[in-house]
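K.L.:
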Ligand SMILES: *Cc1c(COP(=O)(O)O)cnc(C)c1O
């Protein structure tokens, strides 16, 4: 088979072989099933179609330089899905079930895992949503848990560590101060899509959200966390309405390893001017450097009121952090923390 050019794929859906699913009905999970049928048959009154009882996860299966396949901290994804489901007051898979079904999904789609040389990976998308018929305003009693996958290239569709531009969202919020921002819900994306589309139409790749109460400090990008480097410090926002990124959590450890001071604190917009390096981070984007952040009164406005520039190349510290984290994920660097879980070839 000819080698696929994953660089053009960016972060888009491409079919694979199979998905894995299980349903929780009246508090009991069905035995996980593998199917090549990618269509679900659902009741039209299923909660998912009405009140968005839905959460998801995102992880990658990486093919290492040694040819072995690794998952990165899947226990953290399992815990976060439980936390999201708990917020929605609906059943969640146990950690064991979550990880087992992710492993099954990787094994069932083994031939779709990109080669090490391609730099691409098999993205796993676990989803959990309400399926029992309901009209009344209630949390879902019965749920479907499914793990699906798609081979992905880099998020930007270009090479790794290629800087992208961002714009501050002054007139649209991603998450309310005491809202659902700290949970990985589809609803958070529904809420931010309109603003995201506006930013894209204006030519920006990323959208930087502020805290909704005061619009004075940085929260995160639409689908990834924010971190900056300044005077040997790794600085990232500390807010309950920011999604607790596993990549960010891991990078904080790696930063300490490199002798950087780690600060999780409020970052006021004005401080953007003082940062040496600014990045977005997450499973999908890995570390994506930000070359420029524009500020505008509204996203719709054509006038830029202020701009912050960080250069057209990835910063030296961000590059070091990138190499270490990707090195661990791909088996090039010692996995000091035991973050990787191996998946065996099913054949
Ligand atoms: C998933 C997600 C992230 C990144 O989290 P990782 O665990 O690092 O993949 C960041 N922000 C938002 C809003 C997300 O949904």
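Numbering (my numbering), first residue to last: 2 to 348.
Where a beta carbon is used, it is the ideal one built from N, C-alpha and C, also for glycine.
1. Nearest to residue 173 by alpha carbon, out of 220, 54, 151, 213?
2. Can you tell me which of the three DSSP states residue 104 falls into?
3. Regarding residue 110 and ligand 1, is the C-beta to nearest heavy atom distance less than 8 Å?
4. Alpha carbons only, please: which of 130, 309, 145 is nearest the one belonging to residue 291?
5. Using only alpha-carbon positions, find the residue among 273, 233, 224 that is nearest to residue 249.
6. What would DSSP say about residue 168, mapped onto helix, strand or coil?
7. If you compare alpha carbons, which of 230, 285, 336, 325 is closest to residue 311?
8. Classify residue 80 as helix, strand or coil using the three-state DSSP reduction.
9. Take residue 126 and list the residues in its own chain whose beta-carbon comes closer than 8 Å to its own, dropping the five residues that flank it on each side.
10. Quick one: using the 10 Å Cβ neighbour count with 16 as the cut-off for buried, is residue 338 buried or exposed?
11. Within 10 angstroms of its Cβ, does residue 15 collect 16 or more other Cβ (buried), or is it exposed?
12. Taking only runs that begin and end inside the segment 204–238, name each unbroken alpha helix (DSSP H) of 4 or more residues, in chain order.
13. For residue 168 and residue 37, what's the separation of their Cα atoms in angstroms?
14. Less than 9 Å between the C-beta atoms of residue 45 and residue 134, yes or no?
15. Could you check whether residue 202 and residue 239 sit closer than 9 Å to each other, using their CB atoms as the reference points?
P.N.:
Taking the definition as stated:
1. In the chain shown, the residue the question calls residue 173 occupies position 172. Comparing Cα positions, the closest option is 213.
2. Your numbering for residue 104 matches position 103 in the chain shown. For residue 104, the three-state secondary structure derived from DSSP is helix.
3. Residue 110 sits at position 109 when you count from the first residue of the chain shown. Residue 110: no, Cβ never under 8 Å from ligand 1.
4. Numbered from 1 along the chain shown, position 290 holds the residue referred to as residue 291. Checking every option, the nearest Cα to that of residue 291 belongs to 309.
5. Start at 1 with the first residue of the chain shown, and residue 249 comes out as number 248. Considering only alpha carbons, the answer is 224.
6. The residue you call residue 168 lines up with position 167 of the chain shown. Three-state result, residue 168: strand.
7. Counting from 1 along the chain shown, the entry for residue 311 is found at position 310. The candidate whose alpha carbon is nearest that of residue 311 is 230.
8. Position 79 of the chain shown, counted from the start, is the residue given in the question as residue 80. Residue state, collapsed to three classes: helix.
9. Along the chain shown, read from residue 1 onward, the residue named residue 126 stands at position 125. 57, 58, 59, 148, 149, 150, 151.
10. Here residue 338 refers to the residue found at position 337 of the chain shown. So residue 338 counts as exposed.
11. By one-based count along the chain shown, residue 15 stands at place 14. Residue 15 is exposed by the Cβ-count criterion.
12. none
13. Taking the chain shown and counting its residues from 1, one reaches residue 168 at position 167. Taking the chain shown and counting its residues from 1, one reaches residue 37 at position 36. Within the model, the alpha-carbon separation for residue 168 versus residue 37 is close to 41 Å.
14. For the purposes of this step, residue 45 is taken as the residue at position 44 of the chain shown. For the purposes of this step, residue 134 is taken as the residue at position 133 of the chain shown. Going by C-beta atoms, residue 45 is nearer than 9 Å to residue 134.
15. Residue numbering aside, residue 239 sits at position 238 when the chain shown is read from its first letter. Residue numbering aside, residue 202 sits at position 201 when the chain shown is read from its first letter. It is not a contact, given that the beta carbons lie outside the stated cut-off.
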